[in-house]
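Peer 1: Going by this note's numbering, the first residue of the sequence shown is number -2, and it counts up by one from there.
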Amino acid sequence: MVDVLLWEWEWACCGEPFAVGDRVEFGVVDVAEGVRELCAPAADPEFVETHHEREPELHIGGVVRSVAALTVAHRMRRVPRQPPAPQITRLSAPGAEWAIEVRPTPYVLTSEQLVGTARAEPLGGVSRAVEDEGDDTERAAREEDPDDGDIRRSLVGYLVTIDEE
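Shown next as structure tokens:
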């Protein structure tokens, strides 16, 4: 058995859905130390799947025995804009004859990952998270800005246990 981490951002656009019991093949690279820290204490993957940033060092194939969503906690901060943002800002594309007016927040949101907060939550499989470009924009528009200091969990990837063939 081998544990492989699939990054959520890589899988969201280009990964093929699969379920426990399916046969899969992943191009993988060794796990960097920062990845181990991110996954602790919930998981200790042996490899990281890659198909965007790096060339795979080897390919691993087999039957999926388990899948877990890997989430981590982040502390949200509201950092005041310096200098303060104007009440109304006009935005347009270069050369465009149109503009929209927006009211910027007086702060910028930052997110600090909290070490040692990873959790693995069992799933039946992995599906594509983004089916078209409108999904992320619409979801972001519905979410309210967090209060300063709020703790939120976010999905960072999927831990897949494979029975190698």
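We put the CB at the ideal spot given by N, CA and C, even for glycine.
Find the nearest neighbour of Leu67 within the set Ala96, Cys36, Leu88, Glu30, judged by alpha-carbon distance.
Peer 2: The shortest Cα separation from Leu67 among Ala96, Cys36, Leu88, Glu30 belongs to Cys36.
Peer 1: Trp95 by DSSP, collapsed to three states: which one?
Peer 2: If DSSP states are grouped into helix, strand and coil, Trp95 belongs with coil.
Peer 1: Does Glu130 come out as helix, strand or coil in the three-state DSSP assignment?
Peer 2: Here Glu130 scores only 48 on pLDDT, less than 50, and its place in the model should not be relied on; the value that follows carries that caveat. In this structure, Glu130 counts as coil in the three-state DSSP scheme.
Peer 1: So within the stretch 67 to 114, which uninterrupted beta strand (DSSP E) runs reach at least 3 residues, ignoring any that extend past its ends?
Peer 2: Fully enclosed beta strand (DSSP E) runs of 3 or longer: 86 to 88, 97 to 99, 104 to 110.
Peer 1: By the three-class DSSP mapping on this structure, what secondary structure does Glu7 have?
Peer 2: DSSP places Glu7 in helix when its eight states are reduced to three.
Peer 1: With a 10 Å radius around its C-beta and 16 neighbouring C-beta atoms as the bar for buried, classify Glu130 as buried or exposed.
Peer 2: In this prediction, Glu130 has a pLDDT of 48, which is less than 50 and means its spatial position is unreliable; what the coordinates show is noted afterwards. Answer is exposed; the Cβ neighbour count stays below 16.
Peer 1: Confirm, please, whether the CB-CB distance from Ile159 to Arg72 is below 8 Å.
Peer 2: Going by C-beta atoms, Arg72 is not nearer than 8 Å to Ile159.
Peer 1: Could you spell out where the beta strand (DSSP E) holding Gly154 opens and where it closes?
Peer 2: Taken as a continuous stretch (DSSP letters only), the beta strand (DSSP E) holding Gly154 covers 148 to 161.
Peer 1: Leaving out five residues before and five after Val55 in sequence, what residues of the same chain have Cβ atoms less than 7 Å from its Cβ?
Peer 2: Reading off the sequence, residue 55 comes out as Leu, not Val. Closer than 7 Å at the Cβ level, and outside the excluded window around Leu55, lie Val25.
Peer 1: Tell me, please, which residues DSSP counts as bridged to His56.
Peer 2: For His56, which the question treats as bridged, DSSP gives the partners Gly24.
Peer 1: Go through its chain and collect everything with a Cβ distance to Arg87's Cβ below 6 Å, but skip five positions before and after it.
Peer 2: The residues are Ala96, Glu98.
Peer 1: At the level of alpha carbons, what is the spacing between Val112 and Glu7?
Peer 2: Roughly 22 Å between the two C-alpha positions.
Peer 1: May I ask you to list the residues that DSSP assigns as paired with Pro119?
Peer 2: Answer is Ala65, bridged to Pro119.
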